[in-house]
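Asks:
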Amino acid sequence: MNKLKKELLSEKNTNYFLEQIAGPLAPSVVKIFNNEALSPEDISKRLKQKITTVRSTLNSLHYRGIACYKKQRNDKNMYEFLWEIKFKKIIEILLLQEMKKYKKNEDSINDKEVHDFFYCPNKCTEVAFEIAAAYDFKCPTCGKGLEVVNTKNKLTNLKKQNKQIAENIKKLESLIEKIKDNTNGYVCE
Ligand SMILES: [Zn+2]
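Offset between the sequence shown (1-based) and this note's numbering: plus 460.
1. Taking only the alpha-carbon atoms, compute the straight-line gap between residue 643 and residue 544 and give it to the nearest angstrom.
2. Keeping to the same chain, check which residues put their C-beta closer than 7 Å to that of residue 653; ignore five residues upstream and five downstream.
3. With a CB to CB cut of under 8 Å and the five nearest residues on each side skipped, what residues in its chain are close to residue 636?
4. If I'm right that residue 486 touches residue 498 with Cβ under 8 Å, what's the distance once you round it to whole angstroms?
5. Under 6 Å: does the beta carbon of residue 604 sit that close to some heavy atom of ligand 1?
6. Considering Cα atoms alone, identify which of 475, 647, 605 is closest to residue 586.
7. If we ignore side chains and look at the alpha-carbon of each, how far apart do residue 641 and residue 625 end up?
8. Say the cut is 6 Å; is the CB of residue 601 nearer than that to a heavy atom of ligand 1?
9. In or out: residue 558 buried (at least 16 other Cβ within 10 Å) or exposed?
10. With a threshold of 7 Å on Cβ separation, who are the neighbours of residue 531 within its own chain once the five nearest residues in sequence on each side are excluded?
11. Along the chain, where does the alpha helix (DSSP H) that runs through residue 523 open and close?
12. With a CB to CB cut of under 8 Å and the five nearest residues on each side skipped, what residues in its chain are close to residue 615?
13. What number of angstroms, rounded off, separates the C-alpha of residue 608 from the C-alpha of residue 560?
14. CA-CA distance, residue 513 and residue 592?
15. What are the start and end residues of the alpha helix (DSSP H) that includes residue 647?
16. Note down, one range per segment and in chain order, each beta strand (DSSP E) of at least 3 residues found wholly within the segment 519-574.
17. Which residue wins for smallest C-alpha separation from residue 576, given the options 564, 566, 589?
18. Please say whether residue 515 and residue 492 have beta carbons closer to each other than 7 Å?
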């Protein structure tokens, strides 16, 4: 398999994502594509899996624009379906997911840096300063005095996470530039 595609598929994130959208067989199905189109029968034989499982995996991947097909006549003049994988599409979706995660963390970081949060020592509630003030700094559930949350650890964690996500995004962006697909003439969505 092409080095770049191998790199993409060696990522834990990629495999997890493929399993999430198309089931446990999805990573293996994507991995056996090596610059040649395959029929469901080919895949079924190579992976020693039921043809029905292979077909449903391909269909789920197709639903997300990742597996693409073309219909053609074989030597017995019967129609067969040939499939290809659009690796750029996998990266596109992963990129979107990572950017969303990054943004969410960033909002959370800003929020925690600007506002103090208060919690009930009995674990009933955790609220922002304004709300705690409205409660007169007493827990609305149990009446105990609210205490200020130490956000330092949470902030450190979120920042660490985002550093990693940013590196991941950079990697994916360079992959999407370089990776080549053979999906011309195929139906992808
Ligand atoms: Zn309470």
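We put the CB at the ideal spot given by N, CA and C, even for glycine.
Replies: Let me spell this out:
1. Translated into the one-based positions of the sequence shown, residue 643 becomes position 183. Translated into the one-based positions of the sequence shown, residue 544 becomes position 84. Between the alpha carbons of residue 643 and residue 544 lies a distance of about 6 Å.
2. Residue 653 is absent from the model: the chain starts at 461 and stops at 649.
3. Taking the first residue of the sequence shown as position 1, residue 636 is located at position 176. The answer, listed in chain order, is 548, 551, 552, 555.
4. Within the sequence shown, the letter at position 26 stands for residue 486. Within the sequence shown, the letter at position 38 stands for residue 498. With a Cβ gap of about 14 Å, residue 486 and residue 498 do not count as contacting.
5. On the sequence shown, position 144 is the one that residue 604 refers to. Indeed, a heavy atom of ligand 1 lies less than 6 Å from the Cβ.
6. Sequence index remark: in the sequence shown, residue 586 carries index 126 (1-based). Minimum Cα distance to residue 586 is reached at 605.
7. Position 181 of the sequence shown, counting from 1, holds the residue named residue 641. Position 165 of the sequence shown, counting from 1, holds the residue named residue 625. Distance between the alpha carbons of residue 641 and residue 625: 25 Å.
8. In the sequence shown, counting from the first residue as 1, residue 601 sits at position 141. Result yes, Cβ under 6 Å from ligand 1.
9. Translated into the one-based positions of the sequence shown, residue 558 becomes position 98. Counting the other CB atoms within 10 Å of its CB gives residue 558 a total of 16 or more, which places it among the buried residues.
10. Counted from its first residue, the sequence shown places residue 531 at position 71. These residues qualify, in order along the chain: 539, 541.
11. As a working note, residue 523 is residue 63 in the sequence shown. For residue 523, the enclosing alpha helix (DSSP H) begins and ends at 511-523.
12. As a working mapping, residue 615 is identified with position 155 in the sequence shown. The beta carbon of residue 615 sits closer than 8 Å to the beta carbons of 569, 572, 573 from its chain, once the five residues preceding and following it are set aside; these are given in chain order.
13. Here residue 608 refers to the residue found at position 148 of the sequence shown. Here residue 560 refers to the residue found at position 100 of the sequence shown. Looking at the two C-alpha atoms, the distance is approximately 29 Å.
14. Locating residue 513 in the sequence shown gives position 53, counting from the first residue. Locating residue 592 in the sequence shown gives position 132, counting from the first residue. Straight-line spacing of the CA atoms in residue 513 and residue 592 works out to 54 Å.
15. In the sequence shown, counting from the first residue as 1, residue 647 sits at position 187. Here residue 647 belongs to no alpha helix (DSSP H), and DSSP marks it neither H nor E.
16. If we require 3 residues or more, the beta strand (DSSP E) runs fully inside the segment 519-574 come out as 527-533, 539-545.
17. The sequence position of residue 576 within the sequence shown is 116, counting from 1. Nearest option by C-alpha distance: 589.
18. By one-based count along the sequence shown, residue 492 stands at place 32. By one-based count along the sequence shown, residue 515 stands at place 55. Cβ atoms of residue 492 and residue 515: not closer than 7 Å.
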